[in-house]
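Below is one structure, written out as C-alpha cells; the observations come after it.
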Amino acid sequence: MIKLSEKIKKINIDGTITFSEEMKNFTTFKTGGRADVFVRASSVEDVIKIKQFAAENAVPLFILGGGANILVSDYGIRGITLYTGDLNKVAADGSDLIFESGIEVNALAEAALDFNLSGLEFIYGMPGTAGGALWMNARCYGSEVSYIFQWADVLNEKNTLERIRYRAEDWGYKISPFQNRKLLILRACFRLKRGIRDEIRSEMDKNYKDRNDKGHFKAPCAGSVFKNNRAFGKPSGQIIDEAGLRGLRIGSAVVSDFHANIIINEGGAKASEILELINLVKVKVKETSGFDLEPEVIPVGDWR
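In terms of full-length UniProt numbering, the sequence shown opens at residue 1 and continues consecutively.
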C-alpha cells in the first residue's frame with residue numbers, strides 16, 4: 001500500500017505540504033504535538049482538492065485556522081491538518097464585507113475600518129480567524145457574529161459548494177449552523193453599517209485595551225476557557241474566583257491571577273496539564289457552588 005505521504009505529494013496545489021509539523025507553532029496555547037501531514041492552503045482550490053483527497057482515501061482531516069479555542073494533544077494530530085490561515089482576501093460591496101475564512105479577526109476589523117464600516121469593533125483583540133469566529137458565534141460587549149452574518153460559502157459533506165444563509169433559529173449563545181454538520185467555511189459576508197472612522201477606531205482601541213487590561217496578551221492562552229451561562233446569574237470567571245481557584249496549577253498550566261476564566265501556559269506546559277487543569281477547575285466549582293461549567297476550549301488530535 002502506498003504511504004499517505006507519498007500519495008499526497010502527487011496532489012497539485014499552490015500551497016505547501018510538509019510532514020511532522022509542530023502544532024505548538026500554530027496554536028494560541030503554544031502547546032501540542034506534531035501533525036502527520038500539514039497542508040498550508042494558498043487558495044480555495046487547494047482546500048477543495050485536499051478535502052476531496054481526504055474523503056476519497058478515508059484519511060482524517062482537521063481544519064486549522066488561527067489555533068484559538070482548541071487544545072492540541074501532546075501526541076499531535078493523525079491524518080491531514082489543513083491550515084487555512086493564508087486564505088485572507090477581503091473586499092467591500094457597499095456595507096457588505098466579504099472575506100475568506102482564514103483572515104485573522106483583527107485584520108478583518110482593520111479592513112472594516114479602512115472601508116469606514118462599523119460593526120466589527122467587538123471582535124478586535126480576539127485571537128483566531130474569522131472562520132473560527134463564525135463557527136463559534138463569537139460574542140463580546142453585547143454583540144455577536146450572528147447579528148451581522150448574511151451568508152457563508154461552504155464545502156459540504158459531499159464536497160460540493162453550498163451557500164448557508166442567515167436563519168435566526170440556527171443561532172444561539174456560542175451556537176452556529178456550522179457546528180452540527182461537517183461544513184468547511186470558505187468565505188462569508190457580514191452586513192455592517194457606515195460609520196465615522198475616528199469613532200470606529202476609538203471603539204476598537206477601547207475593546208483592545210479592555211482585553212489587555214484583563215491580561216489576555218500576557219501569556220499564551222486561548223482566551224476564556226469556560227462558556228458563560230446566563231442561568232447562573234454571574235460570569236464563569238467570577239464563579240471560579242469565588243471558588244478561590246486563581247493561581248491553581250498543574251505543572252506549567254495555571255489559572256491566571258488576572259482573570260480566573262483564563263488558563264495560561266507559563267512556559268513549556270503540556271496539553272495534558274492544561275486539560276487536567278480544566279477538568280479540575282470544573283470539578284472544584286461543582287463541589288463549591290454546584291455550578292456545572294461548560295468548557296469552550298475543544299481538545300483535538302490524538303488523546304490516548
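Every residue gets a Cβ at the ideal spot worked out from N, C-alpha and C, and that includes glycine.
Computed from a predicted model, the values in this text were never measured in an experiment.
- Message: Tell me the rounded alpha-carbon separation between T28 and I278.
- Response: 16 Å
- Message: By the three-class DSSP mapping on this structure, what secondary structure does D96 have?
- Response: strand
- Message: If the criterion is Cβ atoms closer than 8 Å, does the pair V154 and L183 meet it?
- Response: yes
- Message: Strictly by DSSP, which residues pair up with P295?
- Response: F226
- What number of angstroms, rounded off, separates the C-alpha of A188 from the C-alpha of N159? 17 Å
- Message: If you follow the beta strand (DSSP E) that Y83 is in, where does it begin and where does it stop?
- Response: 77 to 83
- Per DSSP, what kind of secondary structure is V37 in: helix, strand or coil? strand
- Query: Alpha carbon to alpha carbon, what distance is there between G94 and V59?
  - Reply: 41 Å
- Message: Let me check understanding here. Comparing Cα to Cα, which of G247, I200, I263 lies closest to V225?
- Response: I263
- Query: Counting Cβ pairs, one atom from each stretch, are 3 or more of them under 8 Å apart for the stretch 284 to 291 and the stretch 241 to 251?
  - Reply: yes
- Item | chain D contact for N137 (CB, 8 Å cutoff) | Considering every chain present, this structure includes no chain D. It has just one protein chain.
- Helix, strand or coil for L87, going by three-state DSSP, please let me know. coil
- Who are the Cβ neighbours of M1 in its own chain at under 8 Å, not counting the five residues just before and after it? Residue confidence is low: M1 scores 40 on pLDDT, short of 50, so the model does not pin down where it sits. Its coordinate-derived value is still stated next. Within the same chain, M1 has no close Cβ partners at all.
- Message: Spatial neighbours of R211 within its chain, please: C-beta separation below 6 Å, excluding the five flanking residues on both sides.
- Response: G125
- Task: Go through its chain and collect everything with a Cβ distance to G251's Cβ below 7 Å, but skip five positions before and after it.
- Result: A269, K270, E273
- Query: In terms of residues, what are the limits of the alpha helix (DSSP H) holding E104?
  - Reply: Unbroken run through E104: none, as it is neither H nor E.
- Task: Going by CA-CA distance only, name the one from V44, L4, A68 that's closest to F38.
- Result: L4
- Task: Decide yes or no for the touch test of the stretch 199 to 218 against the stretch 161 to 181: beta carbon pairs closer than 8 Å, at least 3 of them.
- Result: no
- Query: Using the beta-carbon count (16 or more within 10 Å), is E294 buried or exposed?
  - Reply: exposed
- Query: What distance in whole Å lies between the Cβ atoms of F122 and S143, which are believed to be in contact at a cut-off of 8 Å?
  - Reply: 4 Å
- Message: With a threshold of 6 Å on Cβ separation, who are the neighbours of T16 within its own chain once the five nearest residues in sequence on each side are excluded?
- Response: R40
- Item | Of the listed residues A168, E110, I196, E162, nearest to A137 (C-alpha basis) | The amino acid occupying residue 137 in the given sequence is Asn; Ala does not appear at that position. It is A168 whose Cα lies nearest to the Cα of N137.
- Measure the C-alpha to C-alpha separation of L248 and T81 and round it to an integer number of angstroms. 33 Å
- Query: What's the gap between the Cα of E45 and the Cα of I13?
  - Reply: 8 Å
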